[in-house]
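What follows is one structure encoded as C-alpha cells, with my remarks underneath.
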Amino acid sequence: MRILSGIQPSGKLHLGNYFGMMRPSLQLQEKGEAYLFIANYHALTSVHNAEKIRQSTLNVALDFLACGLDPERTVFFRQSDVPEVHELSWLLSTVTPMGLLERCHSYKDKTAKGIAANHALFAYPVLMASDILIYQSNIVPVGRDQKQHVEVTRDIAIKFNNEFGEVFTIPEPSIQSDMAVISGTDGQKMSKSYGNTIELFASPKETKTTIMKKIVTDSTPLEDPKDPENCNVFALYKLFANDEQLAEMETNYRGGNYGYGHAKKALLSIFNETFAPFREKREELANNLDYVDEVLSKGAEKARATATETLDKARTAVGL
Ligand code: TRP
Numbered sequence: 001m002r003i004l005s006g007i008q009p010s011g012k013l014h015l016g017n018y019f020g021m022m023r024p025s026l027q028l029q030e031k032g033e034a035y036l037f038i039a040n041y042h043a044l045t046s047v048h049n050a051e052k053i054r055q056s057t058l059n060v061a062l063d064f065l066a067c068g069l070d071p072e073r074t075v076f077f078r079q080s081d082v083p084e085v086h087e088l089s090w091l092l093s094t095v096t097p098m099g100l101l102e103r104c105h106s107y108k109d110k111t112a113k114g115i116a117a118n119h120a121l122f123a124y125p126v127l128m129a130s131d132i133l134i135y136q137s138n139i140v141p142v143g144r145d146q147k148q149h150v151e152v153t154r155d156i157a158i159k160f161n162n163e164f165g166e167v168f169t170i171p172e173p174s175i176q177s178d179m180a181v182i183s184g185t186d187g188q189k190m191s192k193s194y195g196n197t198i199e200l201f202a203s204p205k206e207t208k209t210t211i212m213k214k215i216v217t218d219s220t221p222l223e224d225p226k227d228p229e230n231c232n233v234f235a236l237y238k239l240f241a242n243d244e245q246l247a248e249m250e251t252n253y254r255g256g257n258y259g260y261g262h263a264k265k266a267l268l269s270i271f272n273e274t275f276a277p278f279r280e281k282r283e284e285l286a287n288n289l290d291y292v293d294e295v296l297s298k299g300a301e302k303a304r305a306t307a308t309e310t311l312d313k314a315r316t317a318v319g320l
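In C-alpha cells:
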C-alpha cells in the first residue's frame with residue numbers, strides 16, 4: 001500500500017501544523033510505504049521570491065527530519081526534483097473538464113477575495129492529481145481543505161482510464177479528523193494568518209514569551225475554581241499531556257488557588273520537554289546541510305524511478 005502526501009513550503013511551522021499534519025503523517029510511516037514531498041512547484045502559484053522559496057523548502061526539510069521523519073522508511077523529496085509530473089500533468093489536463101476546476105473551492109475562495117488568479121492557480125488541482133497519480137498512490141492523507149482536490153484527482157484518473165486503458169490506481173483521501181481543532185493563543189484555529197501561533201522552533205525566550213504572555217485567559221481570580229473546558233491554556237496542554245498529567249491539571253483548575261500563570265508554566269515545561277530533543281536534532285541537521293541534501297536527492301531518485309514508469313505507460317496509452 002502506498003501512502004503519499006505533499007506539504008507546501010510556507011513560513012515557520014507551528015503547533016497546529018505539528019499536531020494536525022506532521023505527527024499524523026509521521027505515524028503513517030509505520031503503516032505502509034510512505035512518500036512525502038515538499039510541494040515547491042505549488043508554492044510558486046503564490047510566492048514569487050526565489051530566496052524565500054529556497055529557504056522555506058530547506059526549513060520544511062529540516063523540520064520534518066528533526067521531528068522524526070525516517071528517510072529509510074519514507075521516500076522524502078522535493079517536488080521539483082521530479083519534473084516528470086509536468087508532462088503527466090499535461091496529459092491529464094486533456095481529460096480535465098474546465099467545469100471541474102471552476103468548481104474547486106480553493107480557487108473560488110481566492111478569486112472571491114479579489115486575488116487575481118494566474119493560470120497556475122487554476123491548474124493547481126491538475127498538478128496535484130499528477131503528483132498523486134504518478135506514484136500510483138493508494139492513500140492520500142490531507143486536511144479537510146484538500147479533500148476536494150483528491151476527489152478531483154479521482155475523477156481525472158477514472159476519466160483517463162476509461163479513455164485510454166487502465167494506467168492509474170484510483171486513490172482514496174484519508175482525512176485527519178483532529179486537523180481543525182487545534183486552537184491558537186486566542187482560542188481561534190491556530191493559523192499564521194491570525195497571528196495566534198506557537199512556533200515549533202522559535203528561540204526558548206520567544207517561546208516563553210508567547211506562552212506566558214500571549215495566551216488569552218479570562219479574569220477569574222486566583223483563589224476561585226476554574227473551568228478547564230473553556231480555557232486556551234488547558235486546550236493546548238491537552239495536546240501534550242498523558243491521562244495522569246491531564247487529570248492532575250483538571251483537579252487543580254477545579255480546586256481553586258491555582259492561577260492561569262501556574263497552568264502556563266506547566267504548559268511551557270511540557271512543551272520544552274517534548275521539543276527539546278527535536279530542537280537538538282534540528283541544530284545538528286542545520287550544521288550538516290550536505291546530509292539533508294543527500295537525503296532529498298536519494299528520495300528524488302527513488303521517486304523518479306516510479307514516476308518514469310507511470311509516465312511511460314501514460315505516454316504509450318495516449319499515442320506518444
Ligand atoms: N495542495 C496541498 C496543500 O496545500 C499540497 C499538495 C500538493 C499535496 N500536491 C499534493 C498534498 C499531493 C497531497 C498530495 O496542502
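Sequence positions in the sequence shown follow the numbering used here and run 1 to 320. Glycine residues also receive a C-beta, built at the ideal position from the N, C-alpha and C atoms. Bear in mind that the values here come from a model prediction, so they are computed numbers and not experimental data.
Quick one: is TYR291 buried, meaning 16 or more other Cβ sit within 10 Å of its Cβ, or exposed?
The residue is exposed, with fewer than 16 neighbouring Cβ atoms inside 10 Å.
Would you check if the distance between the CB atom of THR308 and the CB atom of GLN136 is smaller than 8 Å?
Between THR308 and GLN136, the C-beta gap is not smaller than 8 Å, which leaves the two residues out of contact.
Specify the secondary structure class of PRO141 as computed by DSSP and reduced to three states.
It is a strand residue.
Find out if the Cβ-Cβ distance for the pair ASP186, VAL233 is shorter than 8 Å.
No. Outside cutoff.
Looking at the strands, I want to know which residues DSSP matches up with ALA34.
Its beta-bridge partners are ILE3, THR74.
Going straight from the alpha carbon of GLU250 to that of GLY114, what length do you get?
Each residue's Cα considered, the two are about 46 Å apart.
Nearest to ILE7 (by Cα), restricted to the options GLN79, LYS192, PRO221:
ILE7 has its Cα closest to that of GLN79, out of GLN79, LYS192, PRO221.
My guess is that LEU222 and ASN196 are in contact by the Cβ rule of under 8 Å, so how many angstroms apart are they, rounded?
Contact between LEU222 and ASN196 is ruled out by a C-beta separation of about 25 Å, above the 8 Å threshold.
Could you tell me whether any non-hydrogen atom of the ligand TRP is closer than 7 Å to the CB of GLN8?
With a threshold of 7 Å, the Cβ atom of GLN8 counts as near the ligand TRP, since some heavy atom of the ligand is closer than that.
Do the CB positions of ALA129 and LEU92 come within less than 8 Å of each other?
Yes, these two residues count as a Cβ contact at 8 Å.
On the criterion of 16 or more Cβ atoms from any shown chain inside 10 Å, does GLN188 qualify as buried, or is it exposed?
Exposed, by the Cβ-count rule.
Which of helix, strand or coil DSSP assigns to LYS113:
Judged by DSSP in its simplified three-state form, LYS113 adopts coil rather than helix or strand.
Mind reading off the beta-carbon distance from ALA66 to PHE278? Whole number of angstroms is fine, and I expect it under 8 Å.
With 8 Å as the limit, ALA66 and PHE278 qualify as a contact, their Cβ atoms being about 5 Å apart.
Can you tell me whether PRO228 is buried or exposed, with buried defined as 16 or more other CB within 10 angstroms of its CB?
By the beta-carbon neighbour count (other beta carbons within 10 angstroms, threshold 16), PRO228 is buried.
Ignore the nearest five residues each way along the sequence and tell me which others in LEU101's own chain have a CB closer than 8 Å to its CB.
Cβ neighbours of LEU101 beyond the five flanking positions: TYR107, PHE122, ALA123, PRO125, VAL126, VAL152.
Limits of the beta strand (DSSP E) - the one that ILE175 falls within:
Run containing ILE175: 172-175, per the beta strand (DSSP E) assignment.
CA nearest to the CA of ILE132, picked from ASP145, LYS12, SER89, ASN272:
Measuring from the Cα of ILE132, the nearest candidate turns out to be SER89.
Could you check where the alpha helix (DSSP H) with SER93 kicks off and where it finishes?
Unbroken alpha helix (DSSP H) run through SER93: 84-93.
Assuming PHE271 contacts THR169 (C-beta within less than 8 Å), just tell me the rounded distance between them.
About 40 Å; that fails the 8 Å criterion.
Assigned secondary structure, SER106 (DSSP; H/G/I helix, E/B strand, else coil):
DSSP places SER106 in helix when its eight states are reduced to three.
Under the criterion of a Cβ to heavy atom distance below 7 Å, does SER5 qualify as lining the ligand FMN?
Ligands displayed in this structure: the ligand TRP; the ligand FMN is not among them.
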